[in-house]
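Asks:
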């Protein structure tokens, strides 16, 4: 049975209330940090834990905190990025819904470590139930003396606010989030300066994902060294994975980083295999922005070793035969799924969500979407695949923020690994239009079952 | 701080951007800039035409930067080495940007009032392809009169944000901005409002393409048939220097614009009174003909005295290459 750290008490009735959460040892990390540790000690523990940002980039959290500028007389802010909206990713929403006090507790500890007197949880505007849940939890914590003035008599003051977001995917990019939080249009800022130097209202700011902040609680409770013992290599601790697609048991799972992907996919403890006895065709391992991999490449690394659910192992092979952990949005596709349609669907999303500030992203995402649309509906040409690859290259790396990369990678990787299927759409326009097709039509649609590890 | 751009070294103040360092050197190594405007705070970084490659970060950390960077928003570090026209990667990226910009910008140069003064036109000639690969419908918009002096052609807009910055920074209130997002973005005014403050005319000058045009000049003439003359007047509007360029056709002043530098940026912004209401020669103190770059189409039919040859800049790389070639040819 895998250990659970973040989701340990998730099934306890009433765990979303302060009293039940407290009765299960909740807010012990706040007491320990504020009463026995200095802010620098807390940062040191997080550094020791090796915790990497759970929002997608995987940057070491402790190191990020240590970059925070600390000029005299200037406010510092902690902002929790709860703008989760990547297709396939829904783990933060789960955490906020069922165990909101874990996030509140993490926010208090992290704010203390960073010297922030005011902190914000920026929640995606559509997540109204979660906003209400968090507001209620904050009110409870404040009534019990864990927020506000002179927390637990330690002299530390903290005000915590929930801010509904702009309802745009781009507002999850940290600088666009800060713009939105300041009441402006959610356009990404040009970096540098980074938020650690000039963030919210021009003050030093740390922006962390919900899961990263929640993970600070067990790190402080058990110590950074203990946390670092979980996982493998530089991928320490546990990770929430939101598993979706054609799985027998989709849902949010907490795994030890380093778990073999085969076990995650096929064991009954986790996803339980592919639904309806179908075969696995492809996997998007970390949310829609990461490269899609066919089943055979997903199961094995370049050296033919079993692939693991870790930042390094998933990235093994680079973009030729690897992918990324991303935000943990795990999507499995069975043999009946159309990769062209899926790629068009992703492209449609990124086209819709591009902020429009920089030219390659503004124009390129729309261009890719239109080409994919015609391919999907049987009007494509053989040259379209090369065109898409070229346009994606023109976007990748040339934009203000990573949304351009996020739009380019799924398209480029889908064509790299499933070109046959794209070509089939061109050579069989009628079947593509009527969606009267199946696995048998594709030239080389699937890996052998043994290659897929099932 | 010492920075080397395409092999040319220069010493600049800390905080100088790569683009401005390149402008100090001058010549072909200056990256193009469609959205950056040195007089407008916060401008730049959006169009991505000024992307360059930093092949050496600094003396302290010589690692190259992993991605191309926007030269207009990246400040130099001591010992930094930058490649602009010497990097095939940069040229390729810039071609890509031009292709993207031209997706929704019509090539209606024959009727566009910006023809001859259009930065995208120049960029298209330098980096564009002969034909486009884009086969879908372009965006279409009706022309909009935003006030009695300015017309907006949204089809031509490349969303550089310059006009928004002008309205924010040099007028007393902004009533226009960018609506929607992605390729649905468009410049628009606040419901039924017209842009009519004292300095609103400057949005025309900063527009790098022909999206915002001067209604008092539209279709009066092609710019290369006019004669630009530098002039000034004692203007009492606060913030206006009264230094302008008058664009003559015969004895008539067809247009008044701010005086611009070699990068097409206004030296000083001017008020609407100078721009729209003073179109008689008697309103102005004439200083003399405006110097026009020989590369510009505006220089057509404008004869000037023969200039001395420019000073040839020392380029050790080129000198070494010439020496090698000379030796090779001598040997052969």
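Protein chains in written order, with my numbering: chain A, 24 to 477; chain B, 26 to 357. Beta carbons are placed, not taken as given, at the ideal position from N, Cα and C, and that holds for glycine.
(1) Report yes if the CB atom of residue 180 of chain B is closer than 7 angstroms to the CB atom of residue 131 of chain B, and no otherwise.
(2) Spatial neighbours of residue 34 of chain B within its chain, please: C-beta separation below 8 angstroms, excluding the five flanking residues on both sides.
(3) Looking at residue 152 of chain B: is its Cβ nearer than 7 angstroms to the Cβ of residue 168 of chain B?
(4) For residue 333 of chain B, which residues of its own chain have a beta-carbon under 8 angstroms away from its beta-carbon, when the five flanking residues on both sides are left out?
(5) Mind checking who residue 201 of chain B pairs with in its DSSP beta bridge?
(6) Suppose only complete runs of 3+ residues qualify. What are the beta strand (DSSP E) ranges in the stretch 101-161 of chain A, listed by chain order?
(7) Apart from the five residues on each side of it in sequence, which residues of its chain come closer than 7 angstroms, Cβ to Cβ, to residue 242 of chain B?
(8) With residue 258 of chain A and residue 310 of chain A assumed to form a contact (beta carbons below 8 angstroms), what rounded beta-carbon distance in angstroms separates them?
(9) Would you say residue 333 of chain B reaches chain A, if we count a Cβ-Cβ gap shorter than 7 angstroms as a contact?
(10) Nearest by alpha-carbon distance to residue 74 of chain B: which of B/114, B/103, B/298 and B/267 is it?
(11) With distances taken between CB atoms, is the gap from residue 148 of chain A to residue 79 of chain A smaller than 7 angstroms?
(12) Have a look at residue 101 of chain B and residue 89 of chain B and give me their C-alpha separation to the nearest angstrom.
(13) Determine the DSSP secondary structure at residue 210 of chain A, reduced to helix, strand or coil.
(14) With H, G and I counted as helix, E and B as strand and the rest as coil, what does DSSP make of residue 198 of chain A?
(15) So, is residue 311 of chain B buried or exposed, given that buried needs 16 or more other C-beta atoms within 10 angstroms?
(16) Given that residue 207 of chain A touches chain B, what residues does it touch there, using C-beta distances under 9 angstroms?
(17) Using only the alpha-carbon positions, how far apart do residue 38 of chain A and residue 72 of chain A sit?
(18) Apart from the five residues just before and just after residue 334 of chain A, which ones in its own chain have a Cβ nearer than 6 angstroms to its Cβ?
(19) Determine the DSSP secondary structure at residue 246 of chain A, reduced to helix, strand or coil.
(20) With 7 angstroms as the C-beta to C-beta threshold (strictly closer), list the residues of the stretch 63-94 of chain B near chain A in chain order.
(21) Tell me which residues share the same chain as residue 293 of chain B and place their Cβ nearer than 8 angstroms to its Cβ, disregarding the 5 neighbours each side in the sequence.
(22) Could you have a look at residue 33 of chain B and say whether DSSP puts it in helix, strand or coil?
(23) Any beta carbon from chain B within less than 7 angstroms of residue 387 of chain A's own beta carbon?
(24) With a floor of 4 residues, list each alpha helix (DSSP H) that falls wholly inside the stretch 68-131 of chain B, ordered by position along the chain.
(25) Let me confirm a value: residue 31 of chain B is counted as buried when at least 16 other C-beta atoms fall within 10 Å, else exposed. Which label applies?
(26) Going along the chain, which residues of its own chain have a beta-carbon closer than 7 angstroms to the beta-carbon of residue 44 of chain B, five neighbours each way excluded?
(27) Quick check on residue 343 of chain A: buried or exposed, where buried means 16 or more other Cβ atoms within 10 Å of its Cβ?
(28) Taking C-alpha atoms, which residue in A/105, A/453, A/332 and A/165 lies nearest to residue 293 of chain A?
(29) State whether the stretch 414-434 of chain A contacts the stretch 279-287 of chain A, with contact taken as three or more CB pairs (one from each stretch) at a distance under 8 angstroms.
(30) Considering only residues of the same chain and omitting the five flanking positions on each side of residue 210 of chain B, which have a CB-CB separation below 8 angstroms?
(31) Look at the alpha carbon of residue 105 of chain B and the alpha carbon of residue 111 of chain B, and state the distance between them as a whole number of angstroms.
(32) Closer than 7 angstroms, CB to CB, is residue 103 of chain A near chain B or not?
(33) What number of angstroms, rounded off, separates the C-alpha of residue 32 of chain A from the C-alpha of residue 49 of chain A?
(34) Alpha carbon to alpha carbon, how far is residue 34 of chain A from residue 121 of chain A?
(35) Let me know if residue 276 of chain A comes out buried or exposed under the rule of 16 or more other beta-carbons within 10 Å of its beta-carbon.
(36) Which runs of the alpha helix (DSSP H) at least 4 residues long sit entirely within the stretch 173-201 of chain B? Give them in chain order.
Replies: Reading it off the structure:
(1) Contact: yes.
(2) 27 and 28
(3) no
(4) Residue placement at residue 333 of chain B is poorly supported in this model, since its pLDDT is 49, which falls under 50; the coordinates still yield a value, given next. Cβ within range, chain order: n/a, list empty.
(5) B/214
(6) 141-146
(7) 138, 279 and 280
(8) Rounded, the Cβ-Cβ distance is 17 angstroms, inconsistent with contact.
(9) Note that residue 333 of chain B scores 49 on pLDDT, short of 50, meaning its location in the model is unreliable and no value can be drawn from it.
(10) Of the candidates B/114, B/103, B/298 and B/267, B/114 places its Cα closest to the Cα of residue 74 of chain B.
(11) no
(12) Distance between the alpha carbons of residue 101 of chain B and residue 89 of chain B is about 13 angstroms.
(13) coil
(14) helix
(15) exposed
(16) Under the 9 angstroms cutoff, chain B gives no residues; its nearest Cβ is about 11 angstroms from residue 207 of chain A.
(17) 26 angstroms
(18) 81, 258 and 348
(19) Note: residue 246 of chain A maps to coil in three-state DSSP.
(20) Within the stretch 63-94 of chain B, the residues whose Cβ lies closer than 7 angstroms to some Cβ of chain A are 70, 71, 72, 73, 76, 92 and 93, listed in chain order.
(21) 265, 266, 268, 283 and 284
(22) DSSP places residue 33 of chain B in the strand class (E or B) of the three-state scheme.
(23) yes
(24) Segments of the alpha helix (DSSP H) lying fully in the stretch 68-131 of chain B: 113-128.
(25) That one is buried.
(26) Excluding positions up to five away in sequence, the list reads 56, 58, 61, 75, 96 and 97.
(27) That one is exposed.
(28) A/332
(29) no
(30) 184, 203 and 204
(31) 15 angstroms
(32) no
(33) Roughly 10 angstroms separates the two Cα atoms.
(34) 9 angstroms
(35) buried
(36) 187-195
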